[in-house]
Structure formats: structure tokens, C-alpha cells
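Engineer:
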Amino acid sequence: MSLFENTLKQIEKAASIMGLDENVKRILSVPQREVEVTLPVKMDDGSLKIFKGFRVQHNNAAGPYKGGIRYHQQVDMGEVKALSAWMTIKCSVVGIPLGGGKGGIIVDPKQLSLGELERLTRAYVKAIEPVIGPETDVPAPDVNTNSQIMDWFSDEYSKIKGKDLRGVVTGKSLGAGGSKGRNNATAQGGVYVLEEYAKTVSLNPKETKVIIQGFGNAGGVVAKLLAKAGYEIVGVSDSQGGIFCDQGLNVEELTSCKIEKKSVVNCGGAQCKRVSNEELLEQECDILVLAALENQVSAKNAGNIKAKVILELANGPVMPEADEILDKKGIVAIPDILANAGGVTVSYFEMLQNADGKYWSEEEVNPKLKDIMVAAWEEVSANSKKYNCNLRDAAFITSLSRLEKKIREKGLV
Ligand code: NAD
363 MSLFENTLKQ
373 IEKAASIMGL
383 DENVKRILSV
393 PQREVEVTLP
403 VKMDDGSLKI
413 FKGFRVQHNN
423 AAGPYKGGIR
433 YHQQVDMGEV
443 KALSAWMTIK
453 CSVVGIPLGG
463 GKGGIIVDPK
473 QLSLGELERL
483 TRAYVKAIEP
493 VIGPETDVPA
503 PDVNTNSQIM
513 DWFSDEYSKI
523 KGKDLRGVVT
533 GKSLGAGGSK
543 GRNNATAQGG
553 VYVLEEYAKT
563 VSLNPKETKV
573 IIQGFGNAGG
583 VVAKLLAKAG
593 YEIVGVSDSQ
603 GGIFCDQGLN
613 VEELTSCKIE
623 KKSVVNCGGA
633 QCKRVSNEEL
643 LEQECDILVL
653 AALENQVSAK
663 NAGNIKAKVI
673 LELANGPVMP
683 EADEILDKKG
693 IVAIPDILAN
703 AGGVTVSYFE
713 MLQNADGKYW
723 SEEEVNPKLK
733 DIMVAAWEEV
743 SANSKKYNCN
753 LRDAAFITSL
763 SRLEKKIREK
773 GLV
């Protein structure tokens, strides 16, 4: 089953629980626009390489399309379609006036020099420029893209249009119009939701062991925030593999070690066990944070998960067939469309600041983010009780109810 089919299955399930209008479901089951582009790029050795890129605009009933750009060797149109649909759903879970989009380029950016990466990014902007803009479609960072890439993006778009249109993209560096708090936003939003969940089960951070899959933007930051809140981080991984350390890991040391030695597998010392990514997910812990890529928990390994709670900072890390197994085992999955919505929420704040020309302090950003995340959690958990369903179905129901209203207001159904 493709990733997009997984997304449709999730929409289908929530739609049948809540009794969603059939035509609303049909509208949300197809992206509004799918763009595929070819990107000729001069390489440092003088040769020409042609890359392939995508931008999918899933739905804009709630507002301009919004969603990240992924640079990865395995990106394809199906993946981008799924990610764009999750963006539509996610923005409406947290009730921000944005729709869903996503983009990607088939490339392993680690194989490119900085100059090649910049030329590739600028070629992508030229290719998708006709369909994006600060009020139509606003990209952002995702896997393997960062504020430097967003700064090139914004600069190229503004050059093409002949004016300062930095609001075309979010996740920029602070000097180029980025928002304070954006770097931490995805992880911080997930922690706010986890704190609300923790209150309902009287969870004590000091007695709670956490494993984190993925040690990039989302995973690396969540490790720091959870360690600061007193949680014990006992395992981490990145694309090279993982380490498990029952006595706990020092996150500060781990962060510097990862920078110096390139991968967490080279860190942690002799008291840590080296494990594969698959093995890490099955180690003893209380909370498993998934912060890498999609399809990590399937019907094959769901039965072996020992955590009591899964916090999904990645998009689509748990497959639909795994959900049933987790439900039976009583493992609570705090779903991606709620848990990682902090990133797009602060991206929305960045859009507001760019439009207004006035910039907020981190002390202003974080309480606003917290209010939105806590309100979304309250609605999702109320729907979970009302419909007697898991948190994923409840998050979809929360979102689909809002989208149904917007689509009706437009007179489409
Ligand atoms: P990133 O590129 O900064 O980090 C990804 C991390 O995952 C890296 O440490 C990489 O080595 C690791 N990784 C890759 N394959 C792995 C594997 N098979 N097993 C274990 N680790 C692996 O990306 P990110 O921005 O942190 O994004 C991670 C996930 O979070 C993605 O699913 C992304 O869509 C989602 N997300 C990110 C944001 C954001 O603001 N960055 C917002 C919402 C959702």
C-alpha cells in the first residue's frame, strides 16, 4: 500500500466514525494540483545534472497551501501527495487558516557541495515560481532542508518578482525574516501536547524513560527539551543506527558528539549497546518518540513495541495496520497531525510577522504556541471520548469537521 493510500485510509476511517459528508470526503481525497519539474544544475566539475522535483497543493479551503520541502533520494510523487494531505489535515487540527502542500526533490544532499545545493534550490524556485507566493503557497523546511536553503529560496523568489517577498517561505534564518522559536517549534509543540497527556495519567517525568528515533531538527531538539524537563533519555538513533543506554544518556554531550563524530552510533561510550534502527524501537522504555521518517511501525514490529506511549514527531511513522495492534495492546499513539503541528504553527507566526514587518520575541512566540497546542489537545481528547476512538481518529475528526465547514462555506457541497 502506498503512503497516499495510507492517508486515504485514515481519512476514510475517521469519516465513517463521524459521518462526514461523502462529497467533502471526495474533495479531500484528491490533491488540487500536482506539479512535477525537471531541474538542470551545473555541477562543480562543469557537468550538467538534471534533477526531478515536485510540488503538490492538496487543498486550500482553509487558506494558502503550506508545507515543507524535502530533499531525499527516495522522494516520489506518492510520498509528496501523502505529506501534502497530512498538511491540510494538520493545519485544521490546530485551527490555523492554512491549507496543505508539500514539495520535494529527488537528491541526496550529502553528495552535493554547498554551491551545488544552492544552484539546485534556485533552479527549483524558478521551476515552481508560477504556482507559489506569500498568499498562495508557502513552503518551509522538512527532511534535509534548513534555514540556509529557505534563505536562498526567498532570495531567488524575490529576485524573480523584483521585490522583497520574503513571506514566500518560512523557516528562514532570523536575519532573513525568520521567527524566533521556529527551530524548536516542532519539538516544543510535541512537548506541550505530551505534558497535557501526562497530566491525564499522572506521569512523573523523573520515572519516565524515553527512546528517540531520529536525531535531527525534531528529534535532537525534543531530546534536549525532555531531558530539561527531567525525562530520562535511554536510546537514540539516526540514519546510521542507534544506541541504547539503560542508565540514561547525557543529551548535551550526545549533541556535541554527534556534530563531531557525525552519527550517534559513535557516541555514548562503553555502557551503551549499539543497536540497529529496528532493534531500537523494540527496547524497554515508557515513551517512544518517532522523529525520523514514515512507515517505521508496521504490522511486523508493532507487536514488539514495549513503550506505553508513542509521540509522533515524524509524519506518518505508524502505518494504519499497526494502529490496530497498538490499540489492542493499549499503547497510546499521540498522532503526527497533532504532535508535530507546532512547526507549521510557528511558520504561520512567521507569515504574520513578515506581513506586518514587526517581529516577536521568543517569550511571545512560546505562550502563543502553547495556547494553540493545548486547545487542539483538548478538542482532540474530547472527540476521542465523544466518539470512543483513538487519538488519531479523534484528531482526524477534529480536523475534518472544520474542513467540512470551510468547504460548505465555499458552496462546494
Ligand atoms: P532532519 O533531516 O533534521 O532529521 C531527520 C533525522 O532522522 C536525522 O537524524 C536522520 O539521520 C534520521 N534518520 C533518517 N533515516 C532514519 C532511520 N531509518 N532511522 C532512524 N533515523 C533516521 O529532519 P526533521 O526536520 O527533524 O524531520 C524529521 C521528521 O519530522 C520528518 O518526518 C518530518 O516530516 C517531520 N516534521 C518535521 C518538522 C520540522 O519542523 N522540521 C515539522 C513537522 C514534521
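Just so you know, we're using the numbering used here here: the sequence shown kicks off at 363 and counts up by one. Backbone N, C-alpha and C define an ideal beta-carbon position, used for all residues, glycine too. Computed from a predicted model, the values in this text were never measured in an experiment.
1. Check whether the Cβ of Val350 sits closer than 7 Å to any heavy atom of the ligand NAD, and report yes or no.
2. Rounded to a whole number of angstroms, what is the C-alpha to C-alpha distance between Ile661 and Asn368?
3. Please confirm whether Pro503 and Ile490 have their CB atoms less than 8 Å apart.
4. Which whole runs of the alpha helix (DSSP H) in the stretch 443-530 are 4 residues long or more, in chain order?
5. Could you spell out the range, first to last residue, of the alpha helix (DSSP H) harbouring Phe577?
6. Of the choices Gln550, Ser516, Gly524 and Val397, whose alpha-carbon is the least far from that of Gly537?
7. Comparing alpha-carbon positions, which option in Val418, Lys488, Asp407 and Leu474 lies nearest Gln394?
8. Could you pull the start and end residues of the beta strand (DSSP E) that Asn421 belongs to?
9. Taking the DSSP output, what are the residues bridged to Asp600?
10. So what does Val595 bridge to, in DSSP terms?
11. With distances taken between CB atoms, is the gap from Ala580 to Thr548 smaller than 8 Å?
12. Roughly how many angstroms separate the alpha carbons of Lys411 and Asp438, rounded to a whole number?
13. In the stretch 688-757, which residue ranges form an unbroken beta strand (DSSP E) of at least 3 residues, counting only runs that do not cross its ends?
14. Considering just the uninterrupted stretch of the beta strand (DSSP E) at Gly551, what are its terminal residues?
15. Reducing DSSP to helix, strand and coil, say where Thr532 ends up.
16. Under 6 Å, CB to any heavy atom of the ligand NAD. Which residues pass, going along the chain?
17. DSSP state of Lys590, grouped into three classes?
18. Using a 10 Å radius around the Cβ and a threshold of 16 neighbouring Cβ atoms, would you call Val775 buried or exposed?
19. Are the Cβ atoms of Phe416 and Glu398 separated by less than 8 Å?
Structural biologist: The answer reads as follows:
1. As displayed, the chain neither begins before 363 nor continues past 775, which places residue 350 out of reach and without an answer.
2. First, the amino acid is wrong: residue 661 is Ala here, not Ile. One C-alpha to the other measures close to 13 Å.
3. no
4. 476-490 and 509-523
5. It is not in any alpha helix (DSSP H) - Phe577 carries neither H nor E in the DSSP assignment.
6. Looking at the Cα atoms, Ser516 is the closest of the given residues.
7. With distances taken between Cα atoms, Gln394 lies closest to Val418.
8. Segment Leu410 to Asn421, the beta strand (DSSP E) holding Asn421.
9. Gly603
10. According to the sequence shown, residue 595 is Ile rather than Val. DSSP lists Val572 as the beta-bridge partner residues of Ile595.
11. yes
12. 18 Å
13. 694-696
14. First-last for Gly551: Arg544 to Thr562, but that is the alpha helix (DSSP H), not the beta strand (DSSP E).
15. coil
16. Pro503, Asp504, Val505, Asn506, Thr548, Gln575, Gly576, Phe577, Gly578, Asn579, Ala580, Gly581, Ser599, Asp600, Ser601, Asn639, Ala653, Ala654, Leu655, Leu675, Ala676, Asn677, Asn702 and Gly705
17. helix
18. exposed
19. Taking 8 Å as the Cβ cut-off, Phe416 and Glu398 qualify as a contacting pair.
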